[in-house]
Amino acid sequence: MLAALVAAGAMTTPAGAAAAGSTEGTLRTSDGRDRTYHLYVPPNLDPGRPVPLLVALHGGTGWGLQFEQNSGFDALADRHGFIVVYPDGVGVGPRGTALRTWNGGGCCGPAARQQVDDVGFIRQLIAEIERTHSIDPHRVFATGHSNGGILAYRLACEAADVVVAIGVQSSSLELDRCQPSQPVSAIHIHGTADQNLPIGGGRGPNGVSGVSFRVPIEGAGALATADGCRRQPSTSRDRANSDVTITRWTSCDDGTEVRFLTVAGASHAWMGHPTAVPRLVGPAYEKLDSTEVIWQFLSTHPRR
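In short: position in the sequence shown from 1, add 35, done, that's the numbering used here.
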């Protein structure tokens, strides 16, 4: 079963073009900020049938449209029938649109320094989409890359009443305490050659945040502990791709599960998709598609 999950994501070709484009929205948050987001609704959805919602969080210095184009979640949403929203982090500059970041706790950039309430923003955004679209509350998920994944971890810890599972790549848990109100499933993918957020923690030679990151797998372990999982995880090598080692916590409360995938030789770039800035994040690893693997995990871990 583990091999099948990873093998299905081992794609070296793009998932295909989406059937339509996203629309931009703005909402005023409780802290007085006007926050923007980009909403993708597949054109063939039945408006009367509740569907999953995926909150897709860009990496630090990125933005919503950039992650929409880089990740390929729109084409996957067309195939599997779910809605995706790509929020924008808080940036710098005259319009606040440059070098956008998220406040994931100990990271990153202006969002963390200004103590921006990004958890509150995402809560409000989910509620707004639920007001205007038919969303299944048992299948509201969050995914993120790098700093976006750090915020996804924070959502798992502090917004478990609305976010039921998370899927991240090249991230870490940057909170001192993680006490979700309900168990949350999680999958975390991380490359051993990540020079931005090292798999062993600390500061990477390509890092720009100035943060000494916590050890990534410890975040997965902390969430597994909070979920009441069996104390000792299992570890196995994927039969379809020998680069991938899977650490898996099972027997968790409410049928949840936590997985950590170590990918030998993979960089910080979103796996399975070309990157426009290889000099900053390294070349994209081509034998695993993070978009596919994360969605397959999330879609099979709804809240019971």
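Glycine is no exception: its CB is placed at the ideal position from the N, C-alpha and C atoms.
For the alpha helix (DSSP H) that contains residue i, what are its first and last residues?
i: W284; result: W284 -> not in any alpha helix (DSSP H); beta strand (DSSP E) instead, spanning V279 to W284.
i: R130; result: Counting along the chain, R130 falls outside any alpha helix (DSSP H), and DSSP gives it neither H nor E.
i: L111; result: F108 to H115
i: A154; result: One point to set straight first is that residue 154 is Val, not Ala, in the sequence displayed. Segment D153 to T167, the alpha helix (DSSP H) holding V154.
i: G144; result: G144 to R148
Between which two residues does the beta strand (DSSP E) holding residue i run?
i: Y121; result: I118 to P122
i: G56; result: From DSSP, G56 is part of no beta strand (DSSP E); its letter is neither H nor E.
i: V312; result: Unbroken run through V312: none, as it is neither H nor E.
i: T326; result: No beta strand (DSSP E) contains T326, which is instead part of the alpha helix (DSSP H) from S325 to S334.
i: R174; result: I170 to H180
i: R294; result: V293 to V298
Could you name the residues of the same chain whose beta carbon sits closer than 8 Å to that of residue i, not counting the 5 residues immediately before and after it, in chain order?
i: G128; result: L134
i: R249; result: G141, S207, L208, E209 and G236
i: L258; result: Y188, A191, C192, L208, C213, P215, V219, A221 and V293
i: L40; result: Only weak support is given to the placement of L40: the predicted model assigns it a pLDDT of 42, under 50, and the value that follows is read from those uncertain coordinates. Excluding sequence neighbours, L40 sits near V328, Q331 and F332.
Among the residues of its own chain, which have a CB less than 7 Å from the CB of residue i, if the five just before and after it don't count?
i: R189; result: G139, G140, V154 and L210
i: L62; result: R70, Q159, L160 and E163
i: G116; result: P77, L80 and V86
i: A261; result: C213, Q214 and P215
i: H180; result: H93, G94, F102, Q204, S205 and W305
Can you give the beta carbon distance from residue i to residue j, rounded, assuming they're within the 8 Å contact cut?
i: S106; j: H308; result: 7 Å
i: Q204; j: W305; result: 6 Å
i: T136; j: G184; result: That belief does not hold up - the Cβ atoms of T136 and G184 are roughly 13 Å apart, past 8 Å.
i: T297; j: T310; result: So it is not a contact: roughly 20 Å between Cβ atoms.
i: V316; j: N231; result: 6 Å
i: L111; j: H73; result: Actually they do not touch by this definition, with Cβ atoms about 16 Å apart.
Leaving out the 5 sequence neighbours to the left and right, which residues in its chain are closer than 6 Å to residue i when beta-carbon positions are compared?
i: P233; result: G239
i: W338; result: The displayed chain sequence assigns Arg, not Trp, to residue 338. H173 and V199.
i: D109; result: A53 and Y75
i: S334; result: none
i: F156; result: T64 and R70
Around the C-beta of residue i, are 16 or more other C-beta atoms found within 10 angstroms, so that it is buried, or is it exposed?
i: P313; result: exposed
i: T6; result: The chain is shown only over 36 to 339; residue 6 falls outside these bounds and no answer can be derived.
i: Q214; result: exposed
i: V90; result: buried
i: T58; result: exposed
i: Q331; result: buried
i: T178; result: buried
i: Q79; result: Going by the sequence as given, residue 79 is Asn instead of Gln. Classification of N79: exposed, given that the 10 Å Cβ count is below 16.
i: V243; result: exposed
i: P49; result: With a pLDDT of 44 at P49, under the threshold of 50, the predicted position of this residue should be treated as unreliable, and no value is reported.
i: R272; result: exposed
i: E327; result: buried
i: D363; result: Here the chain comprises residues numbered 36 to 339, so residue 363 is not present and cannot be evaluated.
i: R266; result: exposed
i: T291; result: buried
i: S286; result: exposed
i: P82; result: exposed
i: D66; result: exposed
i: D196; result: exposed
i: A299; result: exposed
i: R283; result: buried
i: D324; result: buried
i: D123; result: buried
i: S169; result: exposed
i: W98; result: buried
From the beta carbon of residue i, is the nearest beta carbon of chain B less than 8 Å away?
i: D288; result: No chain B is part of this structure, which consists of one protein chain only.
Q) What are the uninterrupted segments assigned as alpha helix (DSSP H) that are 4 or more residues long and contained completely in the stretch 184-271, given in chain order? A) 251-261
Q. What residue ranges within the stretch 59-107 form continuous beta strand (DSSP E) runs of no fewer than 3 residues, ordered along the chain?
A. 69-75 and 86-92
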